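In what follows, a single structure is set out as structure tokens and then discussed.
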Amino acid sequence: MPVAKRDYYEVLGVPKSVGEQEMKSAYRKLALQFHPDRNPGDAEAEEKFKEAAEAYGVLSDAQKRAAYDAYGHQGMSGAAGGGFDPSAMDLGDLLSQVFGFGDAFGQRAGGGGRSRPQKGDDLRYDLTLSFEEAAFGKAVEIQVPKLEPCPRCSGKGAEPGTGTISCPGCHGRGEQIFSQGFLSVRRTCSHCGGAGQIVKTVCRDCRGEGYRHVNKKLKVTVPAGIADGNRLRVSGEGQPGANSGPNGDLYIFFTVKEHAVFERHENDLHCTVPINISQAVLGDEISVPTLEGPHKLAVPEGTQPGTELRLKGKGVPEVQGRGRGDLVVHIDVKVPTRLTKDQRKLFEQVAQTLPVNNEPHEKGLLDKFKDFLK
Numbered sequence: 036m037p038v039a040k041r042d043y044y045e046v047l048g049v050p051k052s053v054g055e056q057e058m059k060s061a062y063r064k065l066a067l068q069f070h071p072d073r074n075p076g077d078a079e080a081e082e083k084f085k086e087a088a089e090a091y092g093v094l095s096d097a098q099k100r101a102a103y104d105a106y107g108h109q110g111m112s113g114a115a116g117g118g119f120d121p122s123a124m125d126l127g128d129l130l131s132q133v134f135g136f137g138d139a140f141g142q143r144a145g146g147g148g149r150s151r152p153q154k155g156d157d158l159r160y161d162l163t164l165s166f167e168e169a170a171f172g173k174a175v176e177i178q179v180p181k182l183e184p185c186p187r188c189s190g191k192g193a194e195p196g197t198g199t200i201s202c203p204g205c206h207g208r209g210e211q212i213f214s215q216g217f218l219s220v221r222r223t224c225s226h227c228g229g230a231g232q233i234v235k236t237v238c239r240d241c242r243g244e245g246y247r248h249v250n251k252k253l254k255v256t257v258p259a260g261i262a263d264g265n266r267l268r269v270s271g272e273g274q275p276g277a278n279s280g281p282n283g284d285l286y287i288f289f290t291v292k293e294h295a296v297f298e299r300h301e302n303d304l305h306c307t308v309p310i311n312i313s314q315a316v317l318g319d320e321i322s323v324p325t326l327e328g329p330h331k332l333a334v335p336e337g338t339q340p341g342t343e344l345r346l347k348g349k350g351v352p353e354v355q356g357r358g359r360g361d362l363v364v365h366i367d368v369k370v371p372t373r374l375t376k377d378q379r380k381l382f383e384q385v386a387q388t389l390p391v392n393n394e395p396h397e398k399g400l401l402d403k404f405k406d407f408l409k
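For the sequence shown, this note's numbering assigns the number 36 to the initial residue and increments by one for each residue that follows.
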């Protein structure tokens with residue numbers, strides 16, 4: 036049978052009402068007593084150290100502690116509170132939190148040693164496009180301010196042929212050891228930055244930095260259908276990584292200028308086209324703007340103001356290349372404000388042939404209006 040876990044409060048030797056400071060002190064005492072570096076080869080002490088770290092990792096987190104108080108160890112397995120995985124716990128972080136200084140007890144506590152490779156910083160580039168460029172895509176050339184390895188020293192920071200020597204500050208370990216009471220505290224070496232090596236003679240071009248500032252030219256293909264606020268990731272074109280780590284990425288953020296005629300709603304385009312009253316009444320074939328140029332559109336007889344007519348596939352392409360949106364034409368019927376005598380006479384003749392309530396759904400509207408005014 037598997038051994039049942041001990042109560043976390045019992046492990047730390049504290050009551051359930053324990054405060055944060057008292058609990059931290061209890062864990063600190065146990066960490067000092069059972070740490071593997073103070074008990075080399077003692078498997079029992081190492082297990083007690085891990086047990087104390089697991090207990091403190093739960094009880095020092097307000098949300099996990101509430102779940103544990105309510106459900107016990109079952110609450111840590113996912114039934115409540117989201118679960119707790121001791122294997123994912125960073126003992127170095129816990130010890131740093133409790134002791135108030137860098138990584139204690141050396142590498143077993145989560146740190147020390149030479150610096151690991153680190154990915155470089157990401158870069159941002161803002162690119163402004165015209166409405167048409169965003170709709171149809173474009174190949175552009177941009178210049179990105181960034182760092183790149185010095186060509187003279189290949190990023191090493193040393194004059195060619197001089198190489199490196201062991202850092203005198205840490206003697207090649209990449210870390211410095213300090214005594215703090217009876218504790219052995221390790222910190223990244225401030226002389227070599229954790230590399231363990233320093234150059235004999237610094238490169239005359241980069242002055243030992245290993246990098247130079249450049250404006251790198253890049254050719255970028257803007258995909259058709261890009262929208263205002265979208266971004267594009269260009270892998271590996273960010274800043275170089277430290278300690279031979281990979282480059283960061285470049286993110287291009289797009290700003291799209293407004294169009295004089297079209298408004299974009301997702302992949303559909305919208306525009307307003309005016310017609311005169313005779314075109315609305317009798318119907319007509321009119322020319323409407325599209326991104327590719329004028330296009331013929333049939334206006335049905337009896338078209339009302341605000342009618343929307345749709346042209347399939349005349350909108351903006353989808354970024355993934357799966358079709359296009361539509362062009363939605365909003366009809367604006369223009370009523371003349373000034374008439375010639377002949378025009379007025381014609382309208383009067385037409386008016387005599389039309390009933391006051393022209394449409395079936397408008398019957399009774401005048402009567403309702405009169406009732407409202409009573």
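Every residue, glycine too, gets a C-beta built ideally from N, C-alpha and C.
Fair warning: this is a prediction, and the values are worked out from it, not measured in the lab.
**Report entry** Three-state class that DSSP yields for HIS70 in the structure shown
**Finding:** It is coil, neither helix nor strand.
Query - Residue nearest to GLY356 in terms of C-alpha spacing, selected from GLN378, PRO390, LEU162, ASN302 - result: ASN302
Query raised in the report: Out of curiosity, what's the CA-to-CA distance linking GLY245 and GLY172?
Result: 38 Å
Report task. With DSSP collapsed to three states, give me the class of ILE261. Result -> Assignment of ILE261 by DSSP, reduced to helix, strand and coil, places it in the coil class.
Report task. Look at ILE184 and PRO275 and say whether their C-beta atoms are less than 8 Å apart. Result -> Note that residue 184 corresponds to Pro in the displayed sequence, not to Ile. Contact: yes.
Query - Nearest residue (CA-CA) to LEU164, options GLN68, GLU343, VAL291 - result: VAL291
Query raised in the report: Which one or two residues does DSSP pair with ALA78 in a beta bridge?
Result: The partner list for ALA78 (beta bridge, DSSP) is empty, contrary to what the question assumes.
**Report entry** Close-in-space but distant-in-sequence residues of the same chain around PRO50 (CB under 8 Å, 5 per side omitted)
**Finding:** TYR44
Query raised in the report: Measuring CA to CA, which of PRO340, LEU326, ILE321 is closest to ALA333?
Result: ILE321
Query raised in the report: If you check the beta carbons only, do GLY318 and GLU343 fall under 8 Å apart?
Result: no
Report task. Please name the residue in GLU81, ALA80, SER52, ARG63 whose C-alpha comes closest to that of ARG100. Result -> SER52
Query raised in the report: Going by DSSP, which residues form a beta bridge with ARG268?
Result: TYR286
Requested in this report: Determine the contact status of ILE261 and TYR160, defining contact as a CB-CB distance below 8 Å.
Outcome: no
Requested in this report: Would you mind sorting LYS380 into buried or exposed? The rule is 16 or more other CB atoms within 10 Å of its CB.
Outcome: Flag for LYS380 reads exposed.
Requested in this report: Would you grab the beta carbon distance between ASP157 and GLY283 for me? Rounded to a whole angstrom, and I think it's under 8 Å.
Outcome: 4 Å
**Report entry** Nearest candidate by alpha-carbon position, reference PRO309, set GLY273, GLY350, SER279, ASP367
**Finding:** Minimum Cα-Cα distance from PRO309 among the listed residues GLY273, GLY350, SER279, ASP367 corresponds to ASP367.
Query raised in the report: Would the beta-carbon of ALA87 fall within 8 Å of that of LEU47?
Result: yes
Query raised in the report: Could you give the C-beta distance for HIS305 and HIS365, rounded to a whole number, given that I count them as a contact under 8 Å?
Result: With a Cβ gap of about 7 Å, HIS305 and HIS365 count as contacting.
**Report entry** Span separating the alpha-carbon of THR325 from that of GLY360
**Finding:** 12 Å
Requested in this report: Sort out for me which residues DSSP pairs ILE366 with in a bridge.
Outcome: VAL308
Query raised in the report: Can you tell me whether VAL249 is buried or exposed, with buried defined as 16 or more other CB within 10 angstroms of its CB?
Result: exposed
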